[in-house]
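Residue 234 in the working numbering sits at position 231 of the sequence shown, with consecutive numbering throughout.
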Amino acid sequence: MTGQREIAATWMRGGTSKGVFFDTRALPQGMASDAALRDRVLLRAIGSPDRYGKQIDGLGGATSSTSKVVLVGPASRTDCDVDYLFGAVAIEAPVIDWSGNCGNLSAAVGPFAIACGLVDAPRDGMATVRIWQANIGKRIVAQVPMRDGQVVEEGDFELDGLSFPGAAIRLDFLDPAGEEEGGGGGGALFPTGRAIDILEVPGAATVEASLVDAGNPTVFVAAADLGLTGTESQGEINANTELLARLEQLRAHAAVRMGLARTAQEATESRPATPKLAWVAPPVDHGVAGGRRVAAHEIDLVARILSMGKLHHAMTGTGAVAIAAAAAVPGTVVSRIAPAKAGGSVRFGHASGAIEVGAQAERAPEGHWRIRRVSLSRSARRLMVGAVCVPAACFEAAPANSTNKEQ
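What follows is the structure, given as structure tokens:
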């Protein structure tokens, strides 16, 4: 085949990320049922794999925060309004990791669904959009502001890591962790059944870690145990290839311990998006991106998180969810530094500023902890509405590698 095919798409910002959104009802024939075809087409739309690391020939922005795709369609469950599937697109490899969620782009799902007519929204007031997060099998409820029948996208809500204010969208991540512990399959709050695990990485230091599954599987380590401070800049970390390699070793071995991969090599090659790796430290005055300074008295701790092998420029939305969950439970690496305050709130510094997030946690009679919900606010905005052009040959090419975990 020659020429190009147009696929209806919307380019959206959600939180401090942006990605290309697709209505599953408008996808070309076969993409909804053929995972290999779907991934092949989406990779080409984003511009991956790109051996130069720039994604010049696609819509990707050559960072983990801007190389993303989202599929939204009719709900498969009666307790939700839409299904939402997220893909983290590798930049230099032909891989889309479907293993986790994007908490930032979750904020854009409700507005997109309303714009596509997937959800009936009130003319004015607040639209409640119940989202089924298909990657991790969890529910998210978004409160989307409406005015004159349109989603409100402008406002005075400021988000560190974002230059322009927007309209606040509240997200409630319901039961973000599993109920059963010790299964080793990545579903429980503590997949290993412990708040603290000892990670022994061949050729590297042995460290204490909290392996948490809330929002996304996340590995928490004390910054000091890594020889870090928790106040590092994105440029400082991402320029240190030796450190990044060491951190990836730690992340990959943690993935095996959490039951998410059979080997560390498999975690690195096929599951680059999850688990996330974060390091935390007590609050301290420090400078962040954009020239801002964060004062120690403004926060409860500092945190930095890796995303797709690089330091995130701010904080992943699901990382914030995991921090809130870990702070709510005694004995974790996070709660040792900053136990959640009354009401479950915790405020932490990140590479671009600070964020506050809250968790509702309870201890079951059997002794394990359950996170009822984690709440935070983001904003979202449509950047462009139209069609993405993909070479027609992609619809006939040999399958590309994928880490698709959907049925």
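Cβ coordinates follow ideal geometry from the N, Cα and C atoms, glycine included. As the structure is a computational prediction, the values presented were derived from the model and not from experiment.
Closest in C-alpha terms to Arg296, from the list Arg249, Met34, Gly164, comes Gly164. Taking a contact as a CB-CB distance under 8 Å, the pair Asn104 and Gly18 does not count as one, their CB atoms being some 12 Å apart. Across the set Val23, Arg133, Val98, Ala357, the C-alpha of Arg133 shows the shortest separation from the C-alpha of Pro77.
Runs of the alpha helix (DSSP H) spanning 4 or more residues and lying entirely within the region 248-317 occur at 267-273, in chain order. Going by DSSP, Glu359 is part of no alpha helix (DSSP H) but of the beta strand (DSSP E) stretching over 356-366. The C-alpha of Ala325 lies about 18 Å from the C-alpha of Gly356.
Contact between Val154 and Val336 fails: their C-beta atoms lie close to 38 Å from each other, not under 8 Å. Setting aside the 5 residues that flank it on each side, Gly90 is surrounded in the same chain by Val72, Ile99, Trp101, each with a C-beta closer than 6 Å to its C-beta; the list follows chain order.
Proximity to Gly370 across Arg197, Arg150, Ala284, Gly361 peaks at Arg197, based on C-alpha coordinates.
With a threshold of 16 other beta carbon atoms within 10 Å, Lys21 meets it and is buried. Nearest to Ile117 by C-alpha distance, out of Ala145, Glu95, Val349, is Ala145.
In the three-state reduction of the DSSP assignment, Asn219 falls in the strand class, which pools E and B. Assignment of Glu239 by DSSP, reduced to helix, strand and coil, places it in the helix class. Judged by beta-carbon spacing, Val92 lies beyond the 8 Å limit of Val112, meaning their Cβ atoms are not closer than that value. Collapsing the DSSP output to three states places Asp163 in coil. Nearest Cα to Ile139 within the set Pro220, Ala390, Arg126, Ser68: Pro220. Within its own chain, the residues whose Cβ lies closer than 6 Å to the Cβ of Ser310, once the five positions on either side in sequence are excluded, are Ser67, Thr319, listed in chain order. Counting along the chain, the unbroken beta strand (DSSP E) around Ala12 starts and ends at 7-17.
With 16 or more other Cβ atoms inside 10 Å of its own Cβ, Pro179 counts as buried. Apart from the 5 residues on each side of it in sequence, Ala367 sits with its Cβ closer than 7 Å to the Cβ of Arg373 in its chain, given in chain order. About 6 Å separates the beta carbon of Arg385 from that of Thr13, a gap short enough to meet the 8 Å contact definition. Residue pairing by DSSP puts His353 in a beta bridge opposite Gly356. The residues Ala395, Ala396, in chain order, have a CB closer than 8 Å to that of Thr5 in the same chain once the five nearest residues on each side in sequence are set aside. For Ala323, the uninterrupted alpha helix (DSSP H) segment begins and ends at 320-331. Within the model, the alpha-carbon separation for Arg142 versus Arg260 is close to 26 Å. Among the bridge pairs identified by DSSP, Asp200 is matched with Ala212.
Looking only at Leu214, Ala208, Leu88, Ile172, the smallest Cα-Cα distance to Gly230 is reached by Ala208. Close CB contacts of Ala11 within its chain, under the 8 Å cut and outside five residues either way in sequence, are with Phe25, Asp26, Ala29, Gly389, Ala390 (chain order).
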